[in-house]
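**Student:**
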Amino acid sequence: MRKIFTIIICVFSVLQINSQTKKEIADAYIKRANDAIEKSIDYTTALINFNKAIKYMDAITDAKVASLGARAYYEIHHKQRTIEKQVKFLEKSNIYSKQYFLLAKNKKSNDYIDNLELYALAKKDLKTLRYSKRRKKMGKF
């Protein structure tokens, strides 16, 4: 009985040592997303990796991660085929921008100013898309 108990403890300890935590996996996906943007300006790949990272995160606690999400969703919104999908992408961009503003500490930094400009652009584009969507529904007089 003692041998079986010892073997079980050894197996569990080896598995626990070799397993990755959710935070480590999420960090790896965030790094891949940042690399996709920095190396090849590929926001589609960045968004895919960002969404994979979000699955492993309980909540966004880093302003850089929120900024990454806001920028990725904003840069991809124009590639969507329908106005409804474009609106959804811009709304998600705004959600991540708001999360960034909650987490950002230095309100005079260049990152903060860049995210503020991105948020303003997303709001403007969102307003324009909603207006054009409403015009399409109304049809011609």
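Numbering (the numbering used here), first residue to last: 368 to 508.
Cβ coordinates follow ideal geometry from the N, Cα and C atoms, glycine included.
#1: What is the DSSP secondary structure of S499, reduced to helix, strand or coil?
#2: Nearest to T495 by CA position, among I375, L469 and Q453, is which residue?
#3: Since T411 contacts I462 with CB under 8 Å, what's their CB separation in whole angstroms?
#4: Rounding to the nearest angstrom, what Cα-Cα distance links I408 and R399 in this structure?
#5: Taking the straight line between their C-alpha atoms, what separation do you get for M505 and R448?
#6: On a Cα-Cα basis, can you pick out the residue from A430, I450, D492 and A426 that is closest to N473?
#7: Out of K446, I450 and E458, point me to the one whose CA is closest to G436's CA.
#8: CA-CA distance, Y510 and I375?
#9: Are S460 and A420 close, meaning C-beta to C-beta below 8 Å?
#10: Take the Cβ of A568 as the centre, count every other Cβ of all protein chains shown within 10 Å, and call the residue buried at 16 or more, exposed below.
#11: Would you give the residue range spanned by the alpha helix (DSSP H) that D394 belongs to?
#12: According to DSSP, simplified to helix, strand and coil, what is R369?
#13: According to DSSP, is Q466 part of a helix, a strand, or is it coil?
#14: Would you decide whether R438 is buried or exposed? Buried here means 16 or more other CB atoms lie within 10 Å of its CB.
**Tutor:** This is what the structure holds:
#1: helix
#2: Q453
#3: Wrong, their Cβ atoms sit about 20 Å apart, outside the cutoff.
#4: So the two alpha carbons sit approximately 12 Å from each other.
#5: 20 Å
#6: A430
#7: E458
#8: As shown, the chain starts at 368 and ends at 508. That puts residue 510 outside it, with no answer to give.
#9: Their beta carbons are not under 8 Å apart, which means S460 does not touch A420 by this criterion.
#10: Since the first and last residues shown for the chain are 368 and 508, residue 568 lies out of range.
#11: K389 to S407
#12: Three-state DSSP puts R369 in a helix.
#13: Three-state DSSP puts Q466 in a helix.
#14: For R438, the number of other beta carbons within 10 angstroms of its own is at least 16, and it is reported as buried.
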